[in-house]
Amino acid sequence: MNQKDQLTDHFRIDAPHKKAFARLRIATVEDLLYHLPARYEDITDITSVSGLVKGQDAIVYGQIGGLKSRRAWKSKRPIAEGWIEDGSARIKVMWFNQQYIAKMLTDGAYVKMVGKVTGSEGKLYIANPEVEHLDNLPIDRHDSIFQNTEAVDDTIYPVYRETKGVTSKWFFHTVQKCFAAGILDTVRDPIPHSILKRYNLPELATALQWIHTPKKAEHAESARKRFAFEEVFYIQAQKAMEREAANAATTYQFKTTKKHIKEFTDRFPFKLTNSQNNAIAEILKNFNGKHAMGRLLEGDVGSGKTAVAATTAYAVATSRPPEGSKNNVNKVGPCNDSSTRSDLVEYDAGIPTVTDLDWGNLQVAYMAPTEILAKQHFESFIEYFHHLPIQIGLITGSGCMKFPSKVDPTKPTKISRAQLLKWVKNGEIPILIGTHALMYKSVEFKHLGYVIIDEQHRFGTNQRKALAKKDERMAHLLSMTATPIPRTLALTVYGDLDITLLDEMPSGRKPIITKVIGPGQEKEMYDHVRNELEDGRQAYVICPRIDEPDPDKASALRLKSVKAEAERLKKHVFQDYEIAVLHGKMKPAEKDAVMKRFSDHEIDILVATSVVEVGVNVPNATNIIIEGAERFGLSQLHQLRGRVIRGTHQPYCFAVSESKSEKTKERLKALTTAKNGFELAEHDLQFRGSGELYGAKQSGLTDLGMKAIKNMKLVEAARTEAQKLVAKDTELDKHPLIKAKVAQIGETLHME
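All you need for my numbering is the position in the sequence shown, starting with 1, plus 33.
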């Protein structure tokens, strides 16, 4: 048997198993070995039926049968009875005055029973046992689960993640068969021994033995630590290789002066924060570096990421490509002397004139996840650039626009897709904003020097790469997000990017007053919102679903829907105010029309799904009610409430929950006490798990890897070791097993 062998080479696999393995992505023996247990059950206290004695408090796992109900012969009291067997023997079970139990249980079911052994010798039975239903027994009833229990501190058995067609028990037995066939003798450990020794991690063969058949809880924990480290290590190695590849690529290198930037930012109606200035300085330094920038800009909603993006885009759009670049037009750009131009160009001219900005300057691509957000950025950039002779384009699935219009230089105009693409290709439009339409092959740039991606987690790794490589040179890349990411997750998922935080809010912004609203507290909330509406403010109401659920699905009845809630509010709560709905099933034109009416204050209350989480900017909206708040993660709740921090009025957020769970109450309380989104992200990591912050598909992490990122020391250790290894051997040719694992990760992410 070999790790790369197909399971079908050694085991009889029926059709249901094949479908199950396809869902779990298990094909080879190695895949099976790496299908690690999700948890363990301690069976230390389990007693075999054959070893039971009178007076013993028994814990028995087995199969029940012979269920019936009757009345006692003398007392006539009702009795339910049956038997349980575990492969070693069978014992009678009886429930007194609980005749109904015989109807609740099913012959042949697997159960765990806890009760006292009573009766007389030869006629023992378990009286009134507590019963817990099981999908299956710890292992087959005909295998002894009591062997060698005296030789170990704990007796635990693995429980594997199941899917329709394959059980946890099947995984257990098949792995044991692989061990018996000597598979561990063929295992080669990809991780260098020196690294394992440094962090006291077991070798691969030992780790596999310990994680699948641990004799001590410490063995299982040690093995899980090793596999968690290994998984993060491979991802960090992949990110390090990506970074090395980016560093090796040719890029645009240019420099601009503080004076040049200051003349642009001095026109802002606000003063930049220190963190904004620092972010701009870091990005401009990257532009002057030898390698293409890869940077993640994290900042709370309203922290000023767009201003940073606009300022750095200005630096690029007023810069020239080096001599000899593809299609370079030999004209004088913003620099004073064309004879001194080189790869490193320093501009000390002021704001460029119309004649200065020819069609040979560097270009900027700005990608947003939705049309609403793309159009919002288009409008924002018009505000930032309207005084300059810089044309700005917009490309989305529903149409194209350009600023300025030839008819009215103060406004944008609609243009054909073909015309926009022509102007982008010849360099006449230096700034192009759009959705994923930017990645179409038909969109060609002349000198793409800078790519900005907003809410980057909504785009896959390969989408980001595809946009950054639309030029013969690697474009500088700035990814931005308002979704707070725990530091450990950011270091893992975005290990190829430098990270910059915007941890200050612009002056004049007031902190959001957040309140958790429980059952019976709605009136006070509605009264407050009504007072705000009377003062001329506006409000959002967020609901978890669009339509009312199927009435047959009782579990979903309590979740409020956008359509029904809008109707209820109009009839019973806010009769005198204009209410409209917004949700993902609406057409782009319908969404735009609603948002324009809301922005123009023709609508007082917007009832929406979380579609407003990103890209809605209405400074006059100061109140947000989030129904079913327990259904959202803390980071998403923080994103949603960020909609009401756009203006200078006092913002309010009401998180409404009918949940009585103490855990839910504790989690929502963090929303009221955390100082910022980054603190909330750490709360979310503990309360909900990173898989609900960023899915495994996005990150490439399994459940075990997701749990591992709660451990900062482990993540930093894996990151450090991976970067050292890649620095010594860029292509990992000296470590073919690691190289193969890294390639496998890349393929998996590509498929996603």
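Note that beta-carbon positions come from the ideal geometry of N, C-alpha and C, so glycine has one too.
Rounded to whole angstroms, what's the CA-CA distance from residue i to residue j? Just pull it up for me.
i                 : j              : result
arginine 520      : glycine 335    : 21 Å
alanine 350       : proline 652    : 29 Å
glutamine 39      : threonine 200  : 19 Å
alanine 398       : asparagine 650 : 22 Å
alanine 278       : tryptophan 456 : 31 Å
lysine 746        : glutamate 315  : 27 Å
tyrosine 573      : asparagine 280 : 45 Å
alanine 282       : glutamate 251  : 47 Å
serine 512        : arginine 328   : 6 Å
cysteine 576      : methionine 434 : 33 Å
alanine 53        : glycine 198    : 6 Å
serine 108        : tyrosine 158   : 19 Å
histidine 419     : proline 437    : 8 Å
leucine 592       : alanine 256    : 42 Å
threonine 763     : aspartate 531  : 19 Å
proline 355       : lysine 774     : 39 Å
leucine 69        : tyrosine 193   : 7 Å
alanine 238       : aspartate 218  : 8 Å
valine 93         : glycine 99     : 17 Å
phenylalanine 260 : glutamate 236  : 10 Å
glutamate 114     : tyrosine 190   : 30 Å
proline 621       : threonine 345  : 30 Å
threonine 80      : lysine 37      : 40 Å
leucine 167       : glycine 141    : 11 Å
isoleucine 216    : histidine 206  : 14 Å
alanine 270       : alanine 523    : 15 Å
serine 153        : glutamate 715  : 58 Å
threonine 298     : lysine 304     : 8 Å
Hey, quick one: how far does the alpha helix (DSSP H) through residue i stretch, first residue to last?
i              : result
threonine 516  : Careful: threonine 516 lies outside any alpha helix (DSSP H) and carries neither H nor E.
isoleucine 313 : 307-320
glutamate 795  : Within the shown structure, residues of the chain are numbered from 34 to 785, placing residue 795 beyond reach of any answer.
threonine 347  : Checking the sequence shown, residue 347 turns out to be tyrosine, not threonine. Here the alpha helix (DSSP H) through tyrosine 347 covers 338-350.
arginine 625   : Looking at the sequence provided, one finds aspartate at residue 625 rather than arginine. Where aspartate 625 is concerned, the enclosing alpha helix (DSSP H) stretches over 621-632.
histidine 166  : No alpha helix (DSSP H) contains histidine 166, which is instead part of the beta strand (DSSP E) from 156-167.
isoleucine 415 : 404-418
lysine 295     : 291-298
glutamate 251  : 250-281
Going by CA-CA distance only, name the one from the options that's closest to residue i.
i              : options                           : result
histidine 50   : Val93, Thr429 and Thr196          : Thr196
valine 484     : Phe478, Glu477, His469 and His509 : His509
glutamate 754  : Phe297, Ser227 and Phe204         : Ser227
isoleucine 244 : Gln269, Gln271 and Gln209         : Gln209
threonine 403  : Leu427, Ile112 and Gly99          : Leu427
glycine 553    : Thr697, Leu465, His671 and Lys693 : Lys693
histidine 682  : Leu217, Thr289 and Arg570         : Arg570
asparagine 233 : Leu713, Pro247 and Lys258         : Lys258
arginine 104   : Gly666, Gln132 and Ile636         : Gln132
arginine 123   : His293, Ile97 and Ile112          : Ile97
tyrosine 417   : Leu713, Arg300 and Asn709         : Arg300
Residue i lies in the beta strand (DSSP E); which residues open and close that run?
i             : result
cysteine 576  : Premise fails: cysteine 576 is in no beta strand (DSSP E) and is neither H nor E.
isoleucine 59 : Run containing isoleucine 59: none; DSSP gives neither H nor E here.
serine 102    : 90-104
glutamate 114 : 111-118
valine 144    : 143-153
Once the 5 residues before and after residue i are set aside, which same chain residues still bring their CB inside 8 Å of it?
i                 : result
leucine 535       : Thr306, Ser308, Gln309, Ala312, Leu330, Glu331, Gly332, Asp333, Ser336, Gly337, Lys338 and Val341
phenylalanine 411 : Ile425, Leu427, Met434, Phe436, Pro445 and Ile466
lysine 772        : Glu764, Leu765 and Asp766
Could you pull out every residue in the same chain whose Cβ sits closer than 7 Å to the Cβ of residue i, ignoring the five residues on either side in sequence?
i             : result
leucine 770   : Arg221 and Pro223
aspartate 580 : Ser594 and Lys596
threonine 429 : Glu404, Ala407, Gly467, Thr468 and Ala470
lysine 767    : none
lysine 618    : Ile579
Using a Cβ-Cβ cutoff of less than 6 Å, which residues in the same chain neighbour residue i once the five nearest sequence positions on both sides are dropped?
i              : result
isoleucine 448 : Cys433 and Lys435
lysine 291     : none
asparagine 319 : Met326
arginine 601   : none
Exercise. Assess, as a yes-or-no matter, whether the stretch 662-669 is touched by the stretch 564-571 under the definition of 3 or more beta carbon pairs within less than 8 Å.
Key: Short answer: they don't touch.
Practice problem: Give a yes or no on contact between the stretch 751-765 and the stretch 261-279, applying the rule of three or more CB pairs nearer than 8 Å. | Solution: The stretch 751-765, when compared against the stretch 261-279, does touch it at the 8 Å Cβ threshold.
Quiz prompt | the stretch 122-134 contacting the stretch 54-72, beta-carbon criterion three pairs below 8 Å | solution = Because the criterion of three Cβ pairs below 8 Å is not met, the stretch 122-134 and the stretch 54-72 do not touch.
Practice problem: Answer yes if the stretch 84-94 comes into contact with the stretch 59-70, meaning at least three C-beta pairs across the two stretches below 8 Å, and no otherwise. | Solution: Put simply, the stretch 59-70 does not touch the stretch 84-94. Fewer than three CB pairs are less than 8 Å apart.
Practice problem: Report yes or no: do the stretch 148-163 and the stretch 87-97 share at least 3 C-beta pairs separated by less than 8 Å? | Solution: Segments in contact, yes.
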